[in-house]
Ligand code: 13P
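Numbering (the numbering used here), first residue to last: 418 to 673.
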């Protein structure tokens, strides 16, 4: 079993003042037990990456961004290049989140190009996949998540083992409606075999679950064999809740 990875996706929330308070509380609460069972990172809006770099450098907390451009540099007003994120020592970048697919028209090919850019800049992409409720009800869950992941695997080639995948059923995001551990595990197992088929080094891949994960349901989700961590939205904005999620990572995760 690999060490779990718990990532907070702050989405478009925060301010210099509230971020500082949240980070202080997290750093104060992150004890050795927590660090032993999980790698932890926070993904913030780009204007706050300098703040995270300043406050988190040398601590057990990593940080990252929520998107990057599919281009290296140039006339792309408003975009942020992966190399720029590297300047702020980002370890991760979330890509293809369903909110970007839904509100910004991102498709599988674009997400795949972004993953290439991130890897080229030395940043680990956290590639989000997930079905809508309509997809699930039509029995298309497996087809959709495999298609989304396959575009990225195809684009990144021999680097497939370097990506983190986040399974986020769209119907579970911000709704309070979590996938059951069995539902999540079933999809994670599908993604695991897809990653295994893509790379001889797939043991490096971590597959996170995201969608209304909280202190009450984390332990059961995180005990599933193919759930290697969580991508946490709302609950990552509350220090106590986020720390409880980290503390729910199974102890055995530290043994490898
Ligand atoms: P919630 O935890 O708020 O449901 O959000 C999940 C998510 O979208 C993380 O990327």
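Glycine included, every Cβ here is placed at the ideal spot set by N, Cα and C.
Going by beta-carbon coordinates alone, are residue 502 and residue 531 separated by less than 8 Å?
For residue 502 and residue 531, no; Cβs fall outside 8 Å.
Taking residue 572 as the reference, give the member of 464, 456, 527 with the closest Cα.
The residue with the shortest Cα to Cα distance from residue 572 is 527.
By the 10 Å Cβ neighbour count, where 16 or more other Cβ atoms means buried, how is residue 565 classified, buried or exposed?
Label assigned to residue 565: buried.
Within the present structure, is the beta-carbon of residue 473 separated from the nearest heavy atom of the ligand 13P by less than 7 Å?
No, Cβ of residue 473 sits at least 7 Å from all heavy atoms of the ligand 13P.
Relative to the C-alpha of residue 480, which residue among 487, 488, 471 is closest?
The option with the nearest alpha carbon to residue 480 is 471.
State yes or no: is the C-beta of residue 630 nearer than 7 Å to some heavy atom of the ligand 13P?
Checking the Cβ of residue 630 against the ligand 13P gives yes.
So, is residue 630 buried or exposed, given that buried needs 16 or more other C-beta atoms within 10 angstroms?
Classification of residue 630: buried, given that the 10 Å Cβ count is 16 or more.
In the DSSP output, which residue or residues are listed as bridge partners for residue 480?
Note: residue 480 sits in a beta bridge opposite 459.
What's the gap between the Cα of residue 539 and the Cα of residue 454?
Taking the straight line joining both Cα atoms gives about 25 Å.
Buried or exposed: residue 524, going by 16 or more other Cβ atoms within 10 Å of its Cβ?
So residue 524 ends up on the exposed side.
Taking 8 Å as the cut-off, does the region 590 to 603 touch the region 638 to 648 (at least 3 CB pairs, one atom from each stretch)?
These segments touch.
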